[in-house]
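Per the working numbering, the very first residue in the sequence shown carries number 650; after that it's consecutive. First the structure, in the form of structure tokens, and then the observations on it.
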Amino acid sequence: MRGTRAELPVVAWAAAYAAVRLAWAATGATVPLTPQVALPPAAHVALAALALLSAGACLAEARARAHAGSGLARAEGSGRAVRAVATGVLTVVVPVFGAGAVSLPLHLVTLLSGAGVESSTGLAQVLLDAAGAVLLGRCWIVRRRHRAGVCVRCGGGHGYPGGGPLVRPAPSAATGRTRAAVFLLMCGVLPWAGVKTVWTLGGDALGVTARRWEEANAAAPGLARALASVGVDVTVLAAMLAIFLMLGLMYRWGVVFPRWTVLLAGVRVPRLLPLVPAWLVGAGLGAYGSVLTGYAALAGLGVLPAVRPSGGFTVAGLTWMIAFGGLAFAGLGIGLLVAARSYAARTRPFCGAPPGI
């Protein structure tokens, strides 16, 4: 029943998620869907039920997989039906909880700027959805491997049953093609970061003066103002952190801690330590940036109405700024996903041969 024990984190998450959602519904807590719209109690109840349903699907699928190959046609037939239903449930719920975690990068930037937490329930909601997306995504991957006839534990096609020691591949860097793609995607941040830097250094850009930009951001927290005083925009700093993560995902120092980490030098980096934030932040930034880029293009062509300018912007200047932001966020997000895909493939452990094989 090892497969069932592997599903226990999902059950624990689902129980906690449902309890929190039902508590919010019962108390009428304000949980933002958008800055202006709060989720109704019925939505909390529905999401709680969906979490419990997804945990039940993972457990049922794991049990059916454990009983597969018993030799009983009836058992195998019912097991196939259970696995098919579980696959359908997971295929639906993983994107639902993944969509709930899309705003995670925005919360991280807000915290980094020193602005604090705008909504504690909103942040808790995003973190719970992110945890669910990761745990349920793992169950979906296990189901996909089982259906493909490969090892459920490592995803390999070895000809012996899993259960031997897991072997970690030697540290390696991403291929030249992957590095070229990621570096090209990184370049999307240049127009947006360039404009922000011009403003913080006292220059004018897109029809907005540095003075006007400073006035528009007068209410920013102390850390953001302190960084701006030396020419560093806090969102540009956050972008640099994303780029640092991308570099770590592409080179050996992201697999084994390098010498400059002193106490950790030579220690293997826990595989999920860079992968989980890369997946979550990459998906959120990629989706958000793609929407902004598409909107800016359609607004510039007159297909969609332009945003009403504010903060000293003209219509054209604001449209360009939205486009620059879209290119930056989409480039960083997709770059993280591409780098994470390479890192996951290069660091995936495989089952060693059991004794006697």
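Quick reminder that beta carbons are idealized off the backbone N, C-alpha and C, glycines included.
When the beta-carbon positions are compared, Leu785 and Val659 come within less than 9 Å of each other. Taking C-alpha positions only, Pro690 is separated from Thr679 by approximately 10 Å.
With contacts defined by Cβ atoms closer than 9 Å, Phe906 and Leu913 form a contacting pair. A straight-line Cα-Cα distance of about 30 Å links Arg920 and Gly975. Ranked by how close their Cα comes to the Cα of Gly705, the residues Val751, Ala667, Ala819, Trp928 have Ala667 in first place. Apart from the 5 residues on each side of it in sequence, Val918 sits with its Cβ closer than 7 Å to the Cβ of Gly903, Val904, Val905, Phe906 in its chain, given in chain order. Cβ-Cβ distances below 7 Å link Val831 to Met895, Met899, Gly984, Val987, Ala988 in the same chain, with the five nearest sequence neighbours on each side left out; the list follows chain order. Per DSSP, the beta bridge partners of Leu815 are Cys1000.
Judged by DSSP in its simplified three-state form, Ala854 adopts strand. At least 9 Å separates the beta-carbon of Gly980 from that of Gly804. DSSP places Phe962 outside any alpha helix (DSSP H), giving it a letter other than H or E.
DSSP places Val905 within a strand segment (E or B) once states are collapsed to three. Secondary structure at Pro681: strand, using DSSP grouped into helix, strand and coil. Assignment of Arg917 by DSSP, reduced to helix, strand and coil, places it in the strand class. The residue among Ala854, His756, Ala750, Glu710 with its C-alpha nearest the C-alpha of Gly737 is Glu710. Nearest to Arg712 by C-alpha distance, out of Ala779, Ala735, Leu699, Leu702, is Ala735. Between the alpha carbons of Val911 and Ala842 lies a distance of about 32 Å.
With fewer than 16 other Cβ atoms inside 10 Å of its own Cβ, Trp909 counts as exposed.
Contact fails between the segment 778-793 and the segment 818-826, because fewer than three Cβ pairs, one in each stretch, are under 8 Å apart.
In the three-state reduction of the DSSP assignment, Ala822 falls in the coil class, being assigned neither a helical nor a strand state. Sorting Val799, Leu702, Ala927, Leu757 by C-alpha distance to the C-alpha of Tyr992 places Ala927 at the top. One Cα belongs to Phe978, the other to Met835, and the distance between them is close to 10 Å.
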